[in-house]
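Read through the structure below, which is laid out as structure tokens, and then see the notes.
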Amino acid sequence: MGKTNLKWDGSQRFLQQSYNASLDQVKSLVQSHKIYSNHIMNTLQSYSAKLLPDPQPDFSCADVVFNLPLKDAYTYEIPPHFSGMIKKGMRVLVPFGRRRLTGYVVGISHKNEKNIPLKAIEEVQDLEPIISRELLSLTRWIANYYHSSWGEAIKAALPAGLDDVSQDKLRLTEKGFRALTEGTQSTQATYILQTLRSKKRLTPKQLDRSLKKKYSPSTLLKLKQNGMVSVESQITRSSLKYKYEKVIRLVENPPTKEEIKELLKRSPKQRAVYDFICRGETTISILNNKIPRSSQILKNLISKQLLEISVKKEEKRLSQPSFSEEWTPENPLELNKEQNKCYRELKQSLEKSVFQPYLLHGVTGSGKTEIYLRCIQLVLDLNKSAVMVVPEISLTPQTAQRFRQRFGNKVAVLHSGLTQKERFIEWKKIQDEKVSIAVGARSAIFAPFKNLGIIVIDEEHDTSYKQDSCPRYHARDSAIIRAQKQNALVLLGSATPSLESIKNAEKGKYHYLSLEKRVHNRMLPIVKVINMKQEMNTKKNFSIFSTSLRKAIFERIKRGEQTFLFLNRRGTANYVSCKECSFAFECPHCSVTLTFHGKKNLLLCHYCNFIIQKPARCPDCGVEVIRFSGFGTQKLEDEAKKLFPEARINRLDRDTVKGRESFESVHRKMNLGEIDILIGTQMITKGHDFPNVTLVGVIYADISLHIPDFRSAERSFQLLTQVAGRAGRGKVPGLVIIQSLLPDHYVFDFVKDHDFRGFSEKELALREKLKYPPFTRMVSVEIESEHEQAGELFANRIHKALTRILKRTNDIEIMGPARAALYQINNRFRRHLILRSYDHRKLHSVLSRLYETPEIKKSSNSKIKLTLDVDPINLM
Ligand code: ADP
Ligand code: ZN
1014 MGKTNLKWDG SQRFLQQSYN ASLDQVKSLV QSHKIYSNHI MNTLQSYSAK
1064 LLPDPQPDFS CADVVFNLPL KDAYTYEIPP HFSGMIKKGM RVLVPFGRRR
1114 LTGYVVGISH KNEKNIPLKA IEEVQDLEPI ISRELLSLTR WIANYYHSSW
1164 GEAIKAALPA GLDDVSQDKL RLTEKGFRAL TEGTQSTQAT YILQTLRSKK
1214 RLTPKQLDRS LKKKYSPSTL LKLKQNGMVS VESQITRSSL KYKYEKVIRL
1264 VENPPTKEEI KELLKRSPKQ RAVYDFICRG ETTISILNNK IPRSSQILKN
1314 LISKQLLEIS VKKEEKRLSQ PSFSEEWTPE NPLELNKEQN KCYRELKQSL
1364 EKSVFQPYLL HGVTGSGKTE IYLRCIQLVL DLNKSAVMVV PEISLTPQTA
1414 QRFRQRFGNK VAVLHSGLTQ KERFIEWKKI QDEKVSIAVG ARSAIFAPFK
1464 NLGIIVIDEE HDTSYKQDSC PRYHARDSAI IRAQKQNALV LLGSATPSLE
1514 SIKNAEKGKY HYLSLEKRVH NRMLPIVKVI NMKQEMNTKK NFSIFSTSLR
1564 KAIFERIKRG EQTFLFLNRR GTANYVSCKE CSFAFECPHC SVTLTFHGKK
1614 NLLLCHYCNF IIQKPARCPD CGVEVIRFSG FGTQKLEDEA KKLFPEARIN
1664 RLDRDTVKGR ESFESVHRKM NLGEIDILIG TQMITKGHDF PNVTLVGVIY
1714 ADISLHIPDF RSAERSFQLL TQVAGRAGRG KVPGLVIIQS LLPDHYVFDF
1764 VKDHDFRGFS EKELALREKL KYPPFTRMVS VEIESEHEQA GELFANRIHK
1814 ALTRILKRTN DIEIMGPARA ALYQINNRFR RHLILRSYDH RKLHSVLSRL
1864 YETPEIKKSS NSKIKLTLDV DPINLM
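Numbering-wise (the working numbering), the sequence shown opens with residue 1014 and increments by one.
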């Protein structure tokens, strides 16, 4: 196109927003007759019709999947001007029904196989694939195995907020406007029309929110049908992109000095602007500051081919505390004998670059982290990259700091404390290969490294590794699949491995490594179990604290040592009832009692966050007596303050930790010895290493045992061992006091003796007898409905469909349908069926066939939500 002068104004903005493309990139595309979108093509054509040759008849299609529960891929035509531009793993904007949606290209073919008229791709949103072929194949595995759609799995692998979203916006029409002024409408309709008149454009949700109780969906529907309200779909562009800015500069081959003089002769203003730019390229805003109202002048100068506008990646990055330049790398610790033995084996395997999962079973405080760090260092030396996954709550600033201290700015950290933008920046560092280590929670397994050497999963037994929304993948199991494809090593570490992993180690699927001793031969803590029934019955002690725990805390305070008090329940009381009529305060939306939070005098639902002020009188009988039963961390704190007035007490749970700062400040105070007693939920059990904590009190150990789940003993064992492991990590041996109303439960015996092997043997034997995982595989079919009866009917229909499919097989068992233990959450009624089999392939084939049954096909447009949970870990 040579020096043809294009006015880019309209299309350029469009380009900037849509493609992240620089003007130069677009120019070169234009030159090679490959232009990005219909819109641009039209714009360009209107500017310079001669520019474009007739489109080539080279026809091809793309298969596109969406972040929607739709199993199939949809085929779209690739218009000629996109030909050759679209690759697998790119995002495209396509028409979908009434809407336009972002989808992911997962296949490209050269003919329209289905032979049906196709819609065309409207925009291409990436210049390069945003998701690699390798991750495409991993997400496809996840979709197949966990029965989500491929698009949903891809979405889970990408940072949140990346895609443009299309939203329905309501608008008042001319007709609606007239109806409003004439006052012909019903009160409810008038509310809607009035709101739309003042707010112009609203999504149905926003309308609902601003009208609250006055909102009526059926009235809205009528208004739409009568043409008084129109719906248009509007695209909200994602803000997560590189920033681009326009700069003005001299053209590359300017005319001669004489010609310029001639061109600018009659306009001193143009001369001034031109001279300004001669001193160096600048942005429009800077220019406008220097020379007000310069935009028309600028246009003239551009049309005279003296200046041009170019789009540049803004170098100044979003505010981000960068790692200080003066960091000094932390020196690796000298490995002890046990650690060395493990490391040597891992090293051999890493150097061979073969896929191999390892289970590193090391007691608390045995120095597993140092082994992870060594392996990661080795992987970097081999010019590969590493992923380190930790449970969300142990991803404390200290964990991140530790990695930064060792590896400097080679680390990207992905955790939920970051804003969407910050997460995107971290992710982009990985995508652009600016770092070689990713540390993060569950989703870090999708870190887009091209050459992975190792994936470490710390605390591999942790339940937070299973995503509880679609796709319900397990990070550990998915990581193993990824590593297999990349010939990488997987290192699973834990002091209390899951029974699944123990079984896999027994079967030889995982290599088993162990660290049996704490570093420096420090003793494991002494564990005592206190019978709280006896405390009450014989000692007449009705306090939260047993006499032994109270005594032990006093001693610690005297000696200047620190105490952890662990209670896995927040609030003041978990059960508030009327003494007179026994009325109990329950959440109106969930089948649980409300928890009393005394400080603010509130009753709170821990499932849906429903909140009310505690009434002074019983709403049922009107009497003033209200009784509190059960207790949470807040009550524990109040009691501790009364009992140990001289102690400095802090609490760490979801009610006290709002930002990262509070977490850090507690950590700092602990290290400085400014806290004597730290009270907390699970939050205090992980990711902390305080050498001066010599006592851990478990206030009410039975909570996790009472959970109606076949894994409750395993969970309790893990939790108690982890909590106990916080004691005595320094030179002074630790003491753990566990208070329980069921002290004879077998779990406590094994915890007391630190006998993981004994526990796992007993528990595995039980599981085998009862046909539970890891011996069998399970799938939970969950049904959620707004209407109780509809849910029940549907559950029965699913049961029927399953029975029909299973008619001739007897290796799959159906349990249920039954109400879930938490029958109602957030106004939705929950039921489930559980399928169980020794052969997981058979289970999967049943599920695929279930999707083909009329029962399921009909359900897709009803108000019932059906979810499959493969290898469920939470059966509540
Ligand atoms: P784990 O994760 O197994 O519970 P950590 O990795 O947190 O244990 O290690 C416990 C403590 O021991 C840490 O303070 C760590 O710095 C220290 N440590 C680990 N390995 C060694 C070693 N080889 N020499 C000295 N100290 C070590
Ligand atoms: Zn609730």
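Yeah, the Cβ is synthetic: ideal placement off N, Cα and C, and Gly gets one too.
Being a predicted model, the structure only gives us computed values, none of them experimental.
Residues bridged to residue i (per DSSP)
i: valine 1426; result: Val1452
i: arginine 1262; result: Glu1321
i: asparagine 1544; result: Ser1753
i: lysine 1878; result: Glu1797
i: arginine 1184; result: Arg1214 and Ser1243
i: cysteine 1074; result: Glu1090 and Ser1122
i: phenylalanine 1641; result: Val1589
i: asparagine 1663; result: Leu1691
i: phenylalanine 1842; result: Ser1798 and Gln1837
i: glycine 1375; result: Leu1528
i: proline 1370; result: Val1503
Cβ pair residue i, residue j closer than 8 Å
i: arginine 1841; j: alanine 1833; result: no
i: phenylalanine 1420; j: isoleucine 1458; result: no
i: phenylalanine 1598; j: leucine 1578; result: no
i: valine 1402; j: aspartate 1471; result: yes
i: methionine 1103; j: isoleucine 1143; result: yes
i: leucine 1815; j: leucine 1863; result: yes
i: alanine 1726; j: valine 1749; result: no
i: leucine 1193; j: arginine 1210; result: yes
i: valine 1105; j: alanine 1075; result: yes
i: glycine 1693; j: arginine 1661; result: no
i: isoleucine 1261; j: leucine 1300; result: yes
i: isoleucine 1838; j: cysteine 1603; result: yes
i: leucine 1649; j: isoleucine 1570; result: no
beta-carbon residue i near the ligand ADP non-hydrogen atom, thresh 7 Å
i: asparagine 1581; result: no
i: leucine 1504; result: no
i: glycine 1375; result: yes
i: threonine 1382; result: yes
i: aspartate 1702; result: yes
i: serine 1379; result: yes
i: leucine 1372; result: no
i: valine 1749; result: no
i: glutamate 1343; result: no
i: glutamine 1418; result: no
i: asparagine 1839; result: no
i: valine 1532; result: yes
i: glutamate 1347; result: yes
i: glutamine 1352; result: yes
First through last residue of the beta strand (DSSP E) which encompasses residue i
i: serine 1853; result: Note on identity: in this sequence residue 1853 is histidine, with serine being the wrong assignment. Unbroken run through histidine 1853 is the alpha helix (DSSP H), 1853-1865; no beta strand (DSSP E).
i: alanine 1834; result: 1825-1838
i: proline 1108; result: 1104-1109
i: arginine 1821; result: Premise fails: arginine 1821 is in no beta strand (DSSP E) and is neither H nor E.
i: serine 1131; result: Looking at the sequence itself, residue 1131 is leucine, so the reference to serine does not match. No beta strand (DSSP E) holds leucine 1131; DSSP gives it neither H nor E.
i: tyrosine 1006; result: Since the displayed the chain opens at 1014 and closes at 1889, residue 1006 lies outside it and no answer follows.
First through last residue of the alpha helix (DSSP H) which encompasses residue i
i: leucine 1193; result: 1187-1195
i: glutamate 1577; result: Inspection of the sequence shows that residue 1577 is occupied by phenylalanine rather than by glutamate. Here phenylalanine 1577 belongs to no alpha helix (DSSP H); instead the beta strand (DSSP E) covers 1575-1579.
i: phenylalanine 1609; result: Phenylalanine 1609 -> not in any alpha helix (DSSP H); beta strand (DSSP E) instead, spanning 1608-1610.
i: alanine 1518; result: 1512-1519
i: isoleucine 1625; result: Careful: isoleucine 1625 lies outside any alpha helix (DSSP H), inside the beta strand (DSSP E) at 1624-1626.
Tell me whether the stretch 1088-1098 and the stretch 1125-1139 touch, counting them as touching only if at least three CB pairs, one residue from each stretch, are closer than 8 Å. Here the stretch 1088-1098 lies against the stretch 1125-1139, with 3 or more beta-carbon pairs under 8 Å apart.
Segment contact, 8 Å Cβ cut-off, at least three pairs: the stretch 1394-1409 with the stretch 1518-1531: Touching, no, given that fewer than three Cβ pairs across the two stretches are closer than 8 Å.
When you compare the stretch 1162-1172 with the stretch 1076-1087, are there three or more beta-carbon pairs, one atom per stretch, that lie closer than 8 Å? Yes: the two stretches touch, three or more of their Cβ pairs being nearer than 8 Å.
The stretch 1699-1719 touching the stretch 1485-1502, judged by at least three CB pairs closer than 8 Å: No, because fewer than three Cβ pairs between the stretch 1699-1719 and the stretch 1485-1502 fall closer than 8 Å, the two stretches do not touch.
Touch check for the stretch 1878-1889 and the stretch 1790-1808: three-plus C-beta pairs under 8 Å? Contact annotation: the stretch 1878-1889 touches the stretch 1790-1808, with at least three C-beta pairs closer than 8 Å.
Taking 8 Å as the cut-off, does the stretch 1345-1355 touch the stretch 1725-1741 (at least 3 CB pairs, one atom from each stretch)? With a cut-off of 8 Å, the stretch 1345-1355 and the stretch 1725-1741 do not count as touching, because too few Cβ pairs lie within range.
Three Cβ pairs or more, each shorter than 8 Å: is that satisfied between the stretch 1565-1576 and the stretch 1676-1689? In short, these stretches touch, since the Cβ pair count reaches three.
Segment contact, 8 Å Cβ cut-off, at least three pairs: the stretch 1760-1777 with the stretch 1507-1518: Output reads yes: the stretch 1507-1518 touches the stretch 1760-1777.
Contact between the stretch 1418-1434 and the stretch 1355-1362 is defined here as three or more beta-carbon pairs at a separation below 8 Å; is this criterion met? Output reads no: the stretch 1355-1362 does not touch the stretch 1418-1434.
Report yes or no: do the stretch 1233-1250 and the stretch 1264-1279 share at least 3 C-beta pairs separated by less than 8 Å? Using a C-beta cut-off of 8 Å, the stretch 1233-1250 makes no contact with the stretch 1264-1279, since fewer than three inter-stretch Cβ pairs fall below that distance.
Would you check if there are 3 or more beta carbon pairs closer than 8 Å linking the stretch 1777-1796 to the stretch 1607-1622? Counting Cβ pairs under 8 Å, fewer than three are found: no touch.
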